[in-house]
Every structure is written in C-alpha cells, then in structure tokens.
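S.K.: Shown below is the structure under consideration.
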Amino acid sequence: MKAKQRSKGFASLTTITHCFGLKRDAYYKHKDRADRSLRLEQQIIDIARKRRKSLPKEGVRKLVKSLNMDFTKANIKVGRDTLFNVLRKNQMLTLIRKTSARTTNSYHRFYKYNNIIKDLEVTRANQVWVSDITYIRTIKGFCYLALITDMHSRKIVGYDVSDSLELKGCVRALNKAVYQAKKIKGLIHHSDRGIQYCSNVYTQILKRKKIDISMTEENHCYENAMAERVNGILKDEFYLDQTFDNVSHAKRAAKNA
Numbered sequence: 005m006k007a008k009q010r011s012k013g014f015a016s017l018t019t020i021t022h023c024f025g026l027k028r029d030a031y032y033k034h035k036d037r038a039d040r041s042l043r044l045e046q047q048i049i050d051i052a053r054k055r056r057k058s059l060p061k062e063g064v065r066k067l068v069k070s071l072n073m074d075f076t077k078a079n080i081k082v083g084r085d086t087l088f089n090v091l092r093k094n095q096m097l098t099l100i101r102k103t104s105a106r107t108t109n110s111y112h113r114f115y116k117y118n119n120i121i122k123d124l125e126v127t128r129a130n131q132v133w134v135s136d137i138t139y140i141r142t143i144k145g146f147c148y149l150a151l152i153t154d155m156h157s158r159k160i161v162g163y164d165v166s167d168s169l170e171l172k173g174c175v176r177a178l179n180k181a182v183y184q185a186k187k188i189k190g191l192i193h194h195s196d197r198g199i200q201y202c203s204n205v206y207t208q209i210l211k212r213k214k215i216d217i218s219m220t221e222e223n224h225c226y227e228n229a230m231a232e233r234v235n236g237i238l239k240d241e242f243y244l245d246q247t248f249d250n251v252s253h254a255k256r257a258a259k260n261a
C-alpha cells in the first residue's frame with residue numbers, strides 16, 4: 005500500500021490565520037492597508053522625482069510647499085514628516101555642504117551703526133531689508149553676489165554679481181531694490197559691519213531715501229541670520245556652490261536662481 009503523498013511547504017490561508025489566532029478578514033484588511041501605503045509611497049516618489057529633476061537639492065520643507073498643488077491634484081494628503089520618511093527610505097534626501105568663507109571686513113574707519121531690529125517684530129513687507137555678500141567660485145577665482153532680502157516676505161528684492169568686493173556691487177543691488185519697491189516709508193536696512201555697508205557712499209544713499217540704518221553688533225552671523233540663510237539656500241539648493249567657467253556664467257546662474 006502506497007503511503008499518502010503530502011504537499012510540502014504549502015498551507016492554506018485559513019490554516020495560517022488559524023495558527024496565529026486570526027481571521028481571514030483581518031488578513032485581508034491588513035493587506036489592503038499595506039497595498040494602499042505602497043501605492044501612496046510610489047505616488048509620492050513619482051511626484052517628487054519630477055520636481056527633483058529641476059531642483060535636486062531642494063530641502064524637504066520647501067518641497068512640501070512646492071508639491072502641495074501636485075499632491076492635491078493627485079488627491080493625496082502628504083505632510084512634512086511623511087514626505088521626509090519616504091524620501092529618506094528611498095535615499096532621496098539632500099546632503100547640505102556648509103562653507104565658512106569670510107567676505108566681511110569690519111576693521112575700518114567708517115561709523116558703525118547700532119542694531120535697531122534686535123527686538124523688532126516684523127509684520128509687513130518693506131519694513132526690514134537684510135543685506136549680505138557671498139562668494140561664488142569661478143575657474144579663475146572668485147566673484148561676489150550682493151543680496152538684499154525682504155525680511156517679512158523673504159523675497160530677494162535686489163542683487164548684483166561683481167568680480168570684486170568693491171562697493172559698486174552692493175550699491176547696484178541697493179539701487180535695484182529701491183527702484184523696484186513701491187513703498188519704502190519706514191524701511192530699515194540691516195547689514196553686517198562690512199566696509200561696503202558702512203561706507204559714506206552707501207550710507208548716504210540710505211539717508212537720502214530716508215531709510216533707517218541698522219547693523220550687527222557682536223555675533224554678526226546670528227544678528228543677520230536671515231541674510232546668511234538666503235546665502236546658504238542659493239548655494240545648497242540652487243547650484244551656486246559649484247565652480248563656474250567665468251563671471252558671465254556665474255551671473256547667468258545667479259539670475260536663474
């Protein structure tokens with residue numbers, strides 16, 4: 005008499021769920037949740053990859069805002085934590101490279117103004133402009149980006165790329181900002197104590213426009229944090245940390261950023 009042949013390595017779903025004290029319905033509910041989670045994750049990845057093609061270094065916080073419309077169109081809700089976890093799981097987070105180059109010379113004969121925005125509550129656009137200079141690398145050396153940012157809207161209202169740290173670049177950035185602004189009554193200009201911002205030429209422009217002058221006093225990086233942050237964003241997320249062929253190439257990149 006032949007012994008009964010038994011199938012090895014296989015068991016029915018009913019048998020498996022019974023072994024763990026579960027019901028078939030519980031398994032199917034769990035599987036359905038897992039499938040939905042995988043579909044959501046894949047949707048997030050597909051949408052994020054499209055954005056990453058144009059801005060591969062964009063941070064998660066900005067990515068949440070920039071993709072909000074795409075997520076709404078796809079009828080999905082994605083918070084910052086969910087997006088962060090999905091990007092981290094799929095190795096799509098950005099790596100921020102920090103630099104520590106100095107572009108400020110505060111040892112000069114010009115008058116240094118007090119910090120009048122230290123405890124100020126900024127509630128509107130064109131209330132405080134913050135200014136700073138950052139370097140951009142080229143094959144032949146450095147060029148310098150002068151920036152003026154509105155503290156409330158965080159919008160860059162004036163900028164200039166120059167091949168030197170001379171005053172002209174900062175003046176051009178300031179003139180652009182003033183020209184484009186509609187209302188500057190009650191405006192405060194805040195900067196570090198660099199020689200460019202303390203110079204008579206620069207401060208006279210501010211005084212003629214009736215713009216109050218504020219400057220950092222002790223830890224200038226912390227007292228001008230908004231401007232420092234803008235510099236970091238442009239380099240870390242908008243490609244301005246790379247080495248350009250020449251000043252003209254750097255100017256085009258700054259304009260695009």
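According to our numbering, the sequence shown is numbered sequentially starting from 5.
Ideal Cβ placement from N, Cα and C applies to all residues, glycine included.
The model shown is predicted, which means the values in this text are computed figures rather than measured ones.
Could you tell me whether the segment 166 to 177 touches the segment 145 to 153, where touching means 3 or more Cβ pairs closer than 8 Å?
M.R.: yes
S.K.: Helix, strand or coil for G83? Go by DSSP, reduced to three states.
M.R.: On the sequence shown, residue 83 is found 79 positions in, with the first residue counted as 1. Note: G83 maps to coil in three-state DSSP.
S.K.: Take A177 and list the residues in its own chain whose beta-carbon comes closer than 8 Å to its own, dropping the five residues that flank it on each side.
M.R.: Taking the sequence shown and counting its residues from 1, the one referred to as residue 177 is at position 173. For A177, where only same-chain residues beyond five positions count, the Cβ hits under 8 Å are S135, A150, L151, I152, G162, Y163, D164.
S.K.: Could you round the C-beta distance between I121 and H194 to whole angstroms and report it? I think they count as a contact, below 8 Å.
M.R.: In the sequence shown, residue 121 corresponds to position 117, counting from 1. In the sequence shown, residue 194 corresponds to position 190, counting from 1. Indeed, because the Cβ distance is near 5 Å, the residues count as touching under 8 Å.
S.K.: Does the Cβ of K239 have 16 or more other Cβ atoms within 10 Å, making it buried, or fewer, making it exposed?
M.R.: Working through the sequence shown from its first residue, we reach residue 239 at position 235. It is buried - the Cβ of K239 has at least 16 other Cβ atoms within 10 Å.
S.K.: I need the DSSP call for H253, collapsed to helix, strand or coil.
M.R.: Taking the first residue of the sequence shown as 1, we reach residue 253 at position 249. H253: helix per DSSP, three-state reduction.
S.K.: Let's see if you can read the secondary structure: which residues bound the alpha helix (DSSP H) around I237?
M.R.: Within the sequence shown, the letter at position 233 stands for residue 237. Looking at the DSSP string, the run of the alpha helix (DSSP H) that includes I237 is 229 to 241.
S.K.: Between Y117, A254, N250, N235, which lies nearest to E222 when the distance is taken from Cα to Cα?
M.R.: To locate residue 222, count along the sequence shown from 1; it is residue 218. Closest by alpha carbon: Y117.
S.K.: Could you give the DSSP three-state label for L268: helix, strand or coil?
M.R.: What is shown of the chain runs 5 to 261, which leaves residue 268 out entirely.
S.K.: Mind checking which residues open and close the alpha helix (DSSP H) that includes D123?
M.R.: Residue mapping note: residue 123 aligns to position 119 of the sequence shown, counting from 1. Per DSSP, D123 belongs to no alpha helix (DSSP H) and is neither H nor E.
S.K.: So who's on the other strand from Y139, going by DSSP bridges?
M.R.: On the sequence shown, position 135 is the one that residue 139 refers to. Beta-bridge pairing links Y139 to Y148.
S.K.: Is the separation between the beta-carbon of I188 and that of S218 shorter than 8 Å?
M.R.: As a working note, residue 188 is residue 184 in the sequence shown. As a working note, residue 218 is residue 214 in the sequence shown. It is not a contact, given that the beta carbons lie outside the stated cut-off.
S.K.: Are A78 and I51 close, meaning C-beta to C-beta below 8 Å?
M.R.: Stepping through the sequence shown from its first residue, residue 78 is reached at position 74. Stepping through the sequence shown from its first residue, residue 51 is reached at position 47. Yes, these two residues count as a Cβ contact at 8 Å.
S.K.: Who are the Cβ neighbours of A181 in its own chain at under 7 Å, not counting the five residues just before and after it?
M.R.: For this step, residue 181 is matched to residue 177 along the sequence shown. Hits under 7 Å: W133, I152, V161, G162.
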